[in-house]
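Everything below concerns the one structure shown next.
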Amino acid sequence: MALKSKLVKPFARIISSKIDREARKAVKIQESLRQKLVHQASNTLFGKDHWFSEIRTYKDFKSNVPVRDYEGLKPYITKIVEGQPDILWKGRPAYLAKTSGTTSGVKYIPISKESAPHHVGTARNMVFHHIAKTGHSDWMDGKMIFLSGSPELTQTNGIATGRLSGIVNHLIPGWLKSNRLPSYETNCIEDWETKLDHIIDETIDQNMTMISGIPPWVQMYYERLLDRSGKSNILELFPNYSLFVYGGVNFEPYRAKLEELVGASIKSLETYPASEGFIAFQDRLDDPGLLLNVNVGIFYEFVPVDEIFSENPTRLSLGEVELGTNYALIINSNSGLWGYNIGDTVKFVSTDPYRLVVTGRVKHFISAFGEHVIGKEVEEAMLDVAKAENIRIVEFTVAPQVNPPDGSTPYHEWFVEFDNLPENMTEFAKKVDLKMTEQNIYYLDLIEGNILQPLKIRPMQPNAFRNYMKTQGKLGGQNKVPRLSNDRKIADQLEPYTIK
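When you read off a place in the sequence shown, starting at 1, and then add 1, the result is the number in the numbering used here.
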């Protein structure tokens, strides 16, 4: 055992104990945090507009602070972008995380000096917790790669502005930088394919022990490494590679292919980061649930998904949630996001401690006929059948076909890029459809009522989704293909990539 992995173990035990203590007191911490956040923001413009000084209870809070999306908070954020202080949170933000929205164009998410440390601190805490619980620390003595966006920041009226992954690059502590790849210069390359070539140049001869990134882009990295090196799998190239950290998308659709490329199944940890805050992380290798981060300056609320677009939706604090219910996640944070619907849907799989899984996006669903199909359902249906049939899936997305060209009954159209095609596509589609009817009673009723015909699968050409993302200017980084849509915008653009 080298020096770094040995020295870190005492600190890992301290942090792990703190995580366990906070998990046991989650509801109490959240209640205290709500009161603290309201008090600290009482003299801001938002606090005065919403009578923060008069809020005493959670009921008061819900009465004074409505649920909003980005458009609802945009008048306040515009003032922040203009450089005005004390708008949503005291002072001015340390950073503005720049993201793209489907309806809002460019979005600017404030990150305060109080919230910024948690974006890196939570990742550190997660791996230290992993070390304390498993004793697995050797990976810290090798090189670590973080596939991310460019760390180059611009200035917006004196506020550093960039992508979240680029901002986080500036927050990484010095003790970790000596192990981190790629170089700053390579990370600044905007074109993904050019950047990937440089990443391979810098890593191919290194002792890579930990790799972090979104699974589809890590897969592309693996494939290019093997093409360049001539090796049969990644472990031949990096024999000490032993930890994969990922987030942003469900790993399961990519697991079989990634493990084939690696040459084995290695330890993996899932994260749930967002520009709005680091929400949760996987604290146990044997449990897919993500431990909710209850003490990082975020007071969470949960709205049943079917009420999220209601005028007065039910709002629940952490202590009121139930297992198995699909909730829209609402946050109130020490960056000044109040009653903010971040667009994700979650479901709790445990309340002791509070662990959740991400089930999809509020706006990424199919309900063209009232079926209320969500991302988790299509992923589980596809993966269950693919695993049983020994079929590997590269990528897929689903859309409704409301007006079939042949005039037949509507159906759900699945655009699927296979690593190896099923021998009988019709039978494969029938099995996936059966899994969907088993999961979603509304979908079953529509099938049985002949309102929908069984789903149809459109096999895609090799690299179809990569080529599509390239045409959209979204190749690499933190970009990902939506798992499903309630319209045909993506489906129509994918049509040229189908196998005719």
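Cβ atoms here follow ideal geometry from the backbone N, Cα and C, with glycine treated the same way.
Inset, instruction - Evaluate Trp218 with the Cβ neighbour count: other Cβ atoms within 10 Å of its Cβ, from every protein chain shown; 16 or more gives buried, anything less gives exposed. - result: By the neighbour-count criterion, in which 16 or more other beta carbons inside 10 Å mark a residue as buried, Trp218 falls on the buried side.
Legend entry - Sequence-distant residues of its chain with Cβ nearer than 7 Å to Glu418 (five each side left out): Within the same chain, Glu418 has close Cβ partners Val395, Glu396, Phe397, Met461, Ala465, Phe466.
Legend entry - Separation of Ser116 from Lys99, as counted between CA atoms: Each residue's Cα considered, the two are about 16 Å apart.
Legend entry - Boundaries of the beta strand (DSSP E) in which Leu270 is found, first to last residue: The continuous beta strand (DSSP E) containing Leu270 extends over residues 268-275.
Legend entry - Within the stretch 382-442, ranges of the beta strand (DSSP E) (whole runs, at least 3 residues): For the stretch 382-442, whole beta strand (DSSP E) runs of length 3 or above, ordered along the chain, are 394-402, 412-419.
Legend entry - The alpha helix (DSSP H) enclosing Arg459, as first and last residue numbers: No alpha helix (DSSP H) contains Arg459, which is instead part of the beta strand (DSSP E) from 457-460.
Legend entry - Inter-residue spacing [alpha-carbon to alpha-carbon] between Val403 and Ile448: Answer to the nearest angstrom: the Cα atoms are 14 Å apart.
Inset, instruction - Would you identify the three-state DSSP class for Val306, choosing helix, strand or coil? - result: Val306 carries a helical assignment under DSSP once its states are collapsed to helix, strand and coil.
Legend entry - For Gly163, the residue or residues it bridges with in DSSP: According to DSSP, Gly163 shares a beta bridge with Ala98.
Inset, instruction - Decide if the stretch 422-433 is in contact with the stretch 377-390; the criterion is three or more beta carbon pairs, one per stretch, under 8 Å apart. - result: In this structure the stretch 422-433 touches the stretch 377-390; the number of beta carbon pairs closer than 8 Å is three or more.
Inset, instruction - Please name the residue in Ala492, Lys268, Lys196, Leu89 whose C-alpha comes closest to that of Ile458. - result: Considering only alpha carbons, the answer is Ala492.
Legend entry - Collapsed DSSP secondary structure at Ile110 in the structure displayed: The answer is strand: DSSP assigns Ile110 an E or B state.
Inset, instruction - Check the DSSP bridge columns for Met141 and list the partner residues they point to. - result: For Met141, no pairing in a beta bridge is given by DSSP.
Legend entry - Where Pro86 falls, given that 16 or more other Cβ within 10 Å makes a residue buried: Counting other Cβ atoms within 10 Å of its Cβ, Pro86 stays below 16 and is therefore classed as exposed.
Legend entry - Span separating the alpha-carbon of Asn208 from that of Gly249: Approximately 26 Å between the Cα atoms of the pair.
Inset, instruction - With DSSP collapsed to three states, give me the class of Val482. - result: Three-state result, Val482: coil.
Inset, instruction - Report the rounded CA-to-CA distance for Ser230 versus Tyr247, giving the unit in angstroms. - result: Ser230 and Tyr247: Cα-Cα distance of roughly 24 Å.
Legend entry - Cβ-based neighbour list, Leu262, same chain, cut-off 8 Å, excluding 5 preceding and 5 following: The beta carbon of Leu262 lies closer than 8 Å to those of Gln220, Tyr223, Glu224, Leu227, Asn234, Ile235 in the same chain, with the five residues before and after it left out.
Inset, instruction - With DSSP as the reference, label Ala124 as helix, strand or coil. - result: If DSSP states are grouped into helix, strand and coil, Ala124 belongs with the helices.
Legend entry - 8 Å Cβ shell around Ser243 - same chain, five flanking residues per side excluded: For Ser243, where only same-chain residues beyond five positions count, the Cβ hits under 8 Å are His137, Asp139, Trp140, Thr210, Met211, Ile267, Lys268.
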